[in-house]
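For the sequence shown, our numbering assigns the number 464 to the last residue and increments by one with no breaks.
See structure below.
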Amino acid sequence: MPTTESIPTFRLPASTADGVAMRRMHDDEASRVGRLVRDAYAGDYELTDAYLDEIEAVGERAREHEVWVAADTADGELLGTVTVPRAGRRMSAVARHEDELDFRFLGVSAAARGRGVGEAMVRHVLALAASRGIRRVVLNTGEQMRPARRLYERMGFERIEDREFTFERPDGTPVHILAYGIDVPGGSGLPTVATAPAA
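Structure below.
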């Protein structure tokens, strides 16, 4: 696990999301980040309380995985978050091979919409994958999550239909979960992962 001195940071090109930087979440930010991502999902989608509780459980996820935040470089405001597995691990069954990286719980605060933060976080995941020598990034998303699907498709992600599944909510409503993937172009054309200064 990286120390504070070696935690990677990711600075975005001005044309993508000016004034935004990616960094690992600090331990004392878990509750704030949890509220941010819960509100991001609850504001857009009809989800069960149990799933919203899972989305908000950022502190628990951070014990096993890497929770990243997008922060405003001017004032430090938290704009979004995404969780990726630590090197050599997976978060979900959508990643079936050792050379695949999955990510989950990508959310952008309502106040930060339209700044390119969501795309910046996905590009950060791609850059992380490239730095680890991973050939493909994969994910699951719900049919109802249309803005997220538009983002992934615009960035070049393609459906992986044989990794999709359907489950039933407690009320009997079927929910179809989509799968997407994209090849990682060896870091070519992607922003680089740099080293953050000590906190």
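Here a beta-carbon is modelled for each residue, glycine too, at the ideal position from N, C-alpha and C.
These numbers were taken from a predicted model, which means no experiment stands behind them.
Beta strand (DSSP E) containing residue 347: first to last residue?
Counted from its first residue, the sequence shown places residue 347 at position 82. For residue 347, the uninterrupted beta strand (DSSP E) segment begins and ends at 343-350.
If the criterion is Cβ atoms closer than 8 Å, does the pair residue 367 and residue 404 meet it?
Numbered from 1 along the sequence shown, position 102 holds the residue referred to as residue 367. Numbered from 1 along the sequence shown, position 139 holds the residue referred to as residue 404. Yes.
On the DSSP letters alone, give me the boundaries of the beta strand (DSSP E) that residue 442 sits inside.
The residue you call residue 442 lines up with position 177 of the sequence shown. Looking at the DSSP string, the run of the beta strand (DSSP E) that includes residue 442 is 439-448.
Rounded C-alpha distance that separates residue 365 from residue 356:
Working through the sequence shown from its first residue, we reach residue 365 at position 100. Working through the sequence shown from its first residue, we reach residue 356 at position 91. Looking at the two C-alpha atoms, the distance is approximately 11 Å.
Could you say which of 391, 348, 315 and 302 lies nearest to residue 289 if we only look at CA atoms?
Translated into the one-based positions of the sequence shown, residue 289 becomes position 24. Among 391, 348, 315 and 302, the Cα nearest to that of residue 289 belongs to 348.
Is it buried or exposed, residue 444, if we count other Cβ atoms within 10 angstroms and call 16 or more buried?
Translated into the one-based positions of the sequence shown, residue 444 becomes position 179. By the 10 Å Cβ count, residue 444 comes out buried.
With DSSP as the reference, please indicate the residues paired to residue 431 in a beta bridge.
Here residue 431 is taken as the residue at index 166 of the sequence shown, counted from 1. Residue 431 is bridged to 441.
Report the three-state DSSP secondary structure of residue 329 (helix, strand or coil).
Residue 329 sits at position 64 when you count from the first residue of the sequence shown. Residue state, collapsed to three classes: helix.
Do residue 447 and residue 407 have their C-beta atoms closer together than 8 Å?
By 1-based counting over the sequence shown, the position of residue 447 is 182. By 1-based counting over the sequence shown, the position of residue 407 is 142. No. Outside cutoff.
Three-state secondary structure (DSSP) of residue 359
As a first step, residue 359 is located in the sequence shown; it is residue number 94 there, counting from the start. Of the three classes helix, strand and coil, the one that applies to residue 359 here is coil, per DSSP.
Just checking, does the region 292-310 make contact with the region 338-347 on the three C-beta pairs under 8 Å criterion?
yes
Between the beta-carbon of residue 383 and the beta-carbon of residue 371, is there less than 8 Å?
For this step, residue 383 is matched to residue 118 along the sequence shown. For this step, residue 371 is matched to residue 106 along the sequence shown. Cβ distance < 8 Å, so residue 383 and residue 371 count as in contact.
Looking at the secondary structure, which residues open and close the beta strand (DSSP E) in which residue 369 lies?
Counting from one through the sequence shown, the residue named residue 369 turns up at place 104. Segment 369-373, the beta strand (DSSP E) holding residue 369.
On a Cα-Cα basis, can you pick out the residue from 425, 389, 385 and 437 that is closest to residue 331?
Taking the sequence shown and counting its residues from 1, the one referred to as residue 331 is at position 66. Nearest C-alpha to residue 331: 389.
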